[in-house]
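The structure under discussion appears below in the form of structure tokens.
As structure tokens, this is what we get:
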């Protein structure tokens with residue numbers, strides 16, 4: 017399985033999840049996972065403002081609790097919020113009841129109809145319960161900006177290689193990614209714009 021672009025088999029596991037938007041439209045959907053945190057989110061917001069782009073931030077509830085001003089700043093600047101559980105927990109390691117409680121706890125702060133499971137995995141029972149209440153947004157391209165093996169140019173090259181019409185592109189507003197994103201994010205956005213892509217957020 018290609019890490020950057022999920023295989024068709026993985027997509028079959030969650031048939032009602034959204035992995036890619038309209039492939040007939042030359043548009044991409046930027047998403048950022050794991051924030052908000054003061055070391056990363058403000059920089060990302062400023063870059064998005066410079067390009068006039070809106071994105072979706074899949075937030076960890078505990079981070080939103082600790083940094084409520086960042087949660088409100090993301091909203092104030094016109095971006096979408098998504099639920100990424102309260103403690104960034106993996107579905108396979110938790111019983112469904114606890115996993116769903118953790119997700120509900122996050123949504124008491126986030127108030128969103130969008131959900132993305134940490135690590136991209138959840139149990140079948142968790143998936144079917146959540147898809148009844150949320151639009152489950154996965155991804156068509158994960159940049160791997162979190163990897164210690166990736167350099168900024170590698171992240172940009174992943175965008176260049178795998179972005180396509182309707183791609184849902186995943187970056188991270190995290191400590192693992194931010195130093196690389198300081199150059200990789202503006203370069204990626206400029207390349208996408210130069211290719212004629214429109215930037216959209218989920219309705």
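Numbering (this note's numbering), first residue to last: 17 to 219. C-beta atoms are modelled at their ideal positions from N, C-alpha and C, and glycine is treated no differently.
Quick check on DSSP: helix, strand or coil for residue i?
| i | result |
| --- | --- |
| residue 99 | strand |
| residue 14 | Only positions 17 to 219 of the chain appear in this structure, which leaves residue 14 out of reach. |
| residue 23 | coil |
| residue 45 | strand |
| residue 184 | strand |
| residue 124 | helix |
| residue 171 | helix |
| residue 72 | strand |
| residue 217 | coil |
| residue 157 | strand |
| residue 60 | helix |
| residue 40 | coil |
| residue 151 | strand |
| residue 87 | helix |
| residue 205 | helix |
| residue 146 | helix |
Taking residue i as the reference, give the member of the options with the closest Cα.
| i | options | result |
| --- | --- | --- |
| residue 211 | 196, 188 and 175 | 175 |
| residue 94 | 133, 69, 43 and 111 | 69 |
| residue 150 | 179, 189, 100 and 159 | 100 |
| residue 77 | 36, 198, 56 and 105 | 105 |
| residue 181 | 61, 121, 165 and 213 | 213 |
| residue 195 | 130, 55 and 90 | 55 |
| residue 160 | 147, 145, 200 and 142 | 200 |
| residue 19 | 189, 163 and 190 | 163 |
| residue 209 | 66, 34 and 169 | 66 |
Report all residues from its chain with a CB closer than 6 angstroms to the CB of residue i; omit the five preceding and five following residues, and keep chain order.
| i | result |
| --- | --- |
| residue 185 | 44, 46 and 157 |
| residue 183 | 44, 156 and 157 |
| residue 90 | 73 |
| residue 172 | 200, 203 and 204 |
Quick check on the burial criterion: 16 or more other C-beta atoms within 10 angstroms. Buried or exposed for residue i?
| i | result |
| --- | --- |
| residue 17 | Its pLDDT being 37, under 50, residue 17 is placed unreliably by the model, and the measurement read from it follows with that caveat. Exposed, because fewer than 16 other Cβ atoms sit within 10 Å of the Cβ of residue 17. |
| residue 41 | exposed |
| residue 109 | exposed |
| residue 193 | buried |
| residue 205 | buried |
| residue 155 | buried |
| residue 50 | buried |
| residue 111 | exposed |
| residue 84 | exposed |
| residue 60 | buried |
| residue 23 | exposed |
Beta-carbon within less than 7 angstroms of residue i's beta-carbon, same chain only, minus the 5 sequence neighbours each way: which residues are those?
| i | result |
| --- | --- |
| residue 133 | 107 |
| residue 202 | 63 |
| residue 81 | 125 |
| residue 21 | 156, 157 and 178 |
| residue 166 | 160 and 196 |
In chain order, what residues of the same chain have a beta carbon less than 8 angstroms from the beta carbon of residue i, not counting five sequence neighbours either side?
| i | result |
| --- | --- |
| residue 103 | 76, 77, 78 and 118 |
| residue 4 | In the structure displayed, the chain extends from 17 to 219; residue 4 sits before or after that span and is not available. |
| residue 139 | 107, 108, 112 and 115 |
Say whether chain B places a C-beta atom closer than 9 angstroms to the C-beta of residue i.
| i | result |
| --- | --- |
| residue 114 | The question asks about chain B, but that chain is absent: this structure has only one protein chain. |
Quick test of your reading: residue i and residue j, contact by CB under 8 angstroms. State the CB separation rounded to the nearest angstrom.
| i | j | result |
| --- | --- | --- |
| residue 58 | residue 87 | Not a contact, Cβ separation roughly 12 angstroms. |
| residue 218 | residue 96 | 6 angstroms |
| residue 32 | residue 147 | 5 angstroms |
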